[in-house]
Amino acid sequence: MTQAQESSAHHPVEASFRDPSGYLFSLDGDLYRQVNLIYQDHYARLIDSGLYQTLVDRGLLIPHQEVDITPLDPASAWRVIKPERVDFISYPYEWSFSQLKDAALATLEIQKLALAHGMTLKDSSAYNIQFHRGVPVLIDTLSFEVYSEGEPWVAYRQFCQHFLAPLSLIALRDVRLAQLLRIYIDGIPLDLASQLLPGKTRLDMALQMHIHLHAASQKRFASSVLPKERQMSKNAMLGWIDSLESAVKKLRWSPAGTAWGEYYTETNYTPAGLEHKKALVGDFLRQIQPRRVWDLGANTGLFSRVASQIGAYTIAFDIDPGAVELNYQECRKNGETNLLPLLVDLTNPSPGIGWGNRERLAFGERTSADAILALALIHHLAIANNVPLGRLASYLRELGRWLIVEFIPKEDSQVQRLLASRQDIFPEYTQAHFEGIFAANYTIHRAEAIQDSLRTLYLMEVRH
Amino acid sequence: MTISIITTLALFISTNGKTNAAYLDPGSGSFILQLLLAALVGGAFIIKTYWKKITGFFRKDSPREKGGDEE
């Protein structure tokens, strides 16, 4: 360790405090994980048993390197590891159904492999899974402990609350119930899930056992001390995991047939207009060469893919769980590695939740983008949600340096549709006013009319 | 009704031995449910595993047993 390293500032990561096995910290902009002395044996088993390599080879665990730097707390530390960096930390309430389902199945696959190597997962938090290069990956290297036969699965409650309850509620009741995860940071309480699920789920063996009986058992044994004799054989444990896996695999949700479904069929572009818009977006992006692009109001990701295909790590945010689901399915089908669809309502983006409101960060606090795409978005925020243009500009400028934004005038049929059912209280919603307001925040580099439409596409850069 | 099933099953459980050292509270009810139903689920799993082996043996041309890939 050099003197310079020792004098640098270590910053603990606020979400990393529950598990005494170790802690995350940042140092000079890099992320590290301190492994504590008390976790030494478990860590050694993870490596020596070959479990670490197996999981990394299968893309289920984030790879890391052991490094020689001063730990966050030298008194308790055994060693320090440097995990590969995930591009964007997202949370389960921002995932579509299939993203949550894939994360659940990855967790169970990891548990099966762990058991095959004499270890077990000691937690199964959905927050420990992140989408990295397009697939769900466990980011908490210290989630394993040596398996002692006879022990039930310590993380069973957490798995049901974080995964099975929201997945079954989406599949069998209503997709919007997934947002309960935003309120309950340790997953949906099982008695609540049990009440909300349709009665017919009591006839389903797996859901009866893992949700309904589970909730009843929690109530019945709430104040009981744990029975001390361990009676769960390894075979029973494997059966238990298999039963959870079947339950998860059986759950399905498809946006087709719901209120969602007709996406690009409902735009009012001519085929030539749409191609022209794609070409312009690609042209602007090539001009600025962003590494990270956020597409706000991305729908199913038509324009996000213009960005991801020229090599930018792109996040496609949309308010509609159906659009995010279709987008994610497309990503999986094509094996896309640098496009992440996420669910975000820009009029009420993810807040900071958990301890001190700092455990899970708010939407705008995690990282910023190099370029923001705001295509066919402004009229939704300005007219459907009454957000003044000035507030819009000052919000967007915080998210990234470059802005590719489309202005759709009142005469456009999509805006007319928004105004059809309400009084037009937006005398300032004009192209001239929009340009004036945005020019106060941004330098406007380009403004191009989109073919066969009344719309204009702008390339802007934040003005300091 | 579910409570009475659990209470009946609870009669079959015995208690003595060591405690768990995990940092996460497993939840007494979640822990006990697994102990109560372990034999049942374990038995069903053995049957399922053998059934797969038997059907796999007769379906020689579908070697998809291994790996446990998704659906």
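Going down the list, the protein sequences come from chains A and B.
Quick note: the first sequence uses our numbering, first residue 379, plus one each step.
Quick note: the second sequence uses our numbering, first residue 15, plus one each step.
Ideal Cβ positions, reconstructed from N, Cα and C, are used throughout, including at glycine.
| Check | Outcome |
| --- | --- |
| Taking Cβ-Cβ distances below 8 Å as the criterion, which residues of the stretch 385-401 of chain A are in contact with chain B? | R396, D397, P398 and S399 |
| Consult DSSP for Q443 (chain A) and reduce its assignment to one of helix, strand or coil. | strand |
| Which chain B residues are close to H592 (chain A), counting only those with a beta carbon under 8 Å from its beta carbon? | G43, S44 and L47 |
| Closest by CA to P766 (chain A), which one among A:E523, A:F812, A:C538 and A:Y691? | A:F812 |
| Establish whether the CB of W473 (chain A) and some CB of chain B are separated by less than 8 Å. | no |
| Tell me the rounded alpha-carbon separation between Q809 (chain A) and I822 (chain A). | 14 Å |
| So is Q536 (chain A) buried or exposed if we call it buried at 16+ other beta carbons inside 10 Å? | buried |
| How big is the Cα-Cα spacing for R833 (chain A) and A749 (chain A)? | 20 Å |
| Nearest-angstrom Cα distance between R396 (chain A) and Q665 (chain A)? | 46 Å |
| Can you give me the Cβ contacts of V391 (chain A) inside the same chain, cut-off strictly under 7 Å, excluding the 5 residues immediately before and after it? | L402, F403 and S404 |
| For D845 (chain A), which three-state DSSP category applies? | Since the first residue of chain A shown is 379 and the last is 842, residue 845 (chain A) is not available in this structure. |
| Going residue by residue through the stretch 658-721 of chain A, where are the continuous alpha helix (DSSP H) segments of at least 4 residues, counting only ones entirely within it? | 682-687 and 699-712 |
| Write down every uninterrupted run of the alpha helix (DSSP H) in the stretch 493-557 of chain A whose length is 4 residues or greater and which is fully enclosed by it, in chain order. | 534-537 and 543-550 |
| Could you tell me the distance, in whole angstroms, from the CA atom of P567 (chain A) to the CA atom of L547 (chain A)? | 12 Å |
| Can you round the beta-carbon distance between Y525 (chain A) and G496 (chain A) to whole angstroms, since I take them to be within the 8 Å contact cut? | 5 Å |
| List, in order along the chain, the chain B residues whose C-beta lies closer than 7 Å to that of M610 (chain A)? | Q48, L49 and A52 |
| Taking the straight line between their C-alpha atoms, what separation do you get for V434 (chain A) and A825 (chain A)? | 47 Å |
| Would you tell me roughly how many angstroms separate the C-alpha atoms of A543 (chain A) and A571 (chain A), rounded to the nearest one? | 6 Å |
| What's the gap between the Cα of Y706 (chain A) and the Cα of L50 (chain B)? | 39 Å |
| Can you give me the C-alpha to C-alpha distance between K479 (chain A) and K627 (chain A), rounded to a whole angstrom? | 8 Å |
| If you reduce the DSSP assignment to three classes, tell me which class G400 (chain A) lands in. | strand |
| Quick test of your reading: P441 (chain A) and A484 (chain A), contact by CB under 8 Å. State the CB separation rounded to the nearest angstrom. | Between A484 (chain A) and P441 (chain A) the Cβ distance is about 15 Å, and since that is not below 8 Å, they are no contact. |
| Starting from V413 (chain A), trace the beta strand (DSSP E) in both directions and tell me its first and last residue. | D408 to N414 |
| Evaluate L54 (chain B) with the Cβ neighbour count: other Cβ atoms within 10 Å of its Cβ, from every protein chain shown; 16 or more gives buried, anything less gives exposed. | exposed |
| With distances taken from CA atoms, which of A:A387, A:S791 and A:Y410 is nearest M394 (chain A)? | Strictly speaking, residue 394 (chain A) in this sequence is Ser, with Met absent from that position. The shortest Cα separation from S394 (chain A) among A:A387, A:S791 and A:Y410 belongs to A:Y410. |
| Check whether the stretch 488-504 of chain A touches the stretch 517-524 of chain A, taking contact to mean three or more Cβ pairs, one atom from each stretch, closer than 8 Å. | yes |
| DSSP has W780 (chain A) in a bridge; who is on the other side? | A:A749 and A:E839 |
| Give me the chain B residues within the contact set of Q536 (chain A), using Cβ-Cβ distance strictly less than 8 Å, ordered along the chain. | L38 |
| Which of the three DSSP states is assigned to V55 (chain B) in this structure? | helix |
| For chain A, is any of its Cβ atoms less than 8 Å away from the one on K66 (chain B)? | no |
| With distances taken from CA atoms, which of A:N712, A:I561, A:Y505 and A:S686 is nearest F541 (chain A)? | A:Y505 |
| Do you know offhand how far M379 (chain A)'s Cα is from D406 (chain A)'s? | In this predicted model, M379 (chain A) has a pLDDT of only 40, less than 50, meaning its place in the structure is not dependable enough to derive any value. |
| Note down, in chain order, all residues in the stretch 494-522 of chain A with a beta-carbon under 7 Å from any beta-carbon belonging to chain B. | K500 and D501 |
| Where Q737 (chain A) and P727 (chain A) are concerned, what is the direct C-alpha to C-alpha distance, given to the nearest angstrom? | Position check: residue 737 (chain A) holds Glu in this sequence, whereas Gln was assumed. When rounded, the distance between both Cα atoms is 16 Å. |
| If I'm right that L486 (chain A) touches L438 (chain A) with Cβ under 8 Å, what's the distance once you round it to whole angstroms? | L486 (chain A) to L438 (chain A), Cβ: 11 Å. No contact. |
| List, in order along the chain, the chain A residues whose C-beta lies closer than 9 Å to that of F72 (chain B)? | The contacting residues do not exist; F72 (chain B) stays about 22 Å from chain A at best. |
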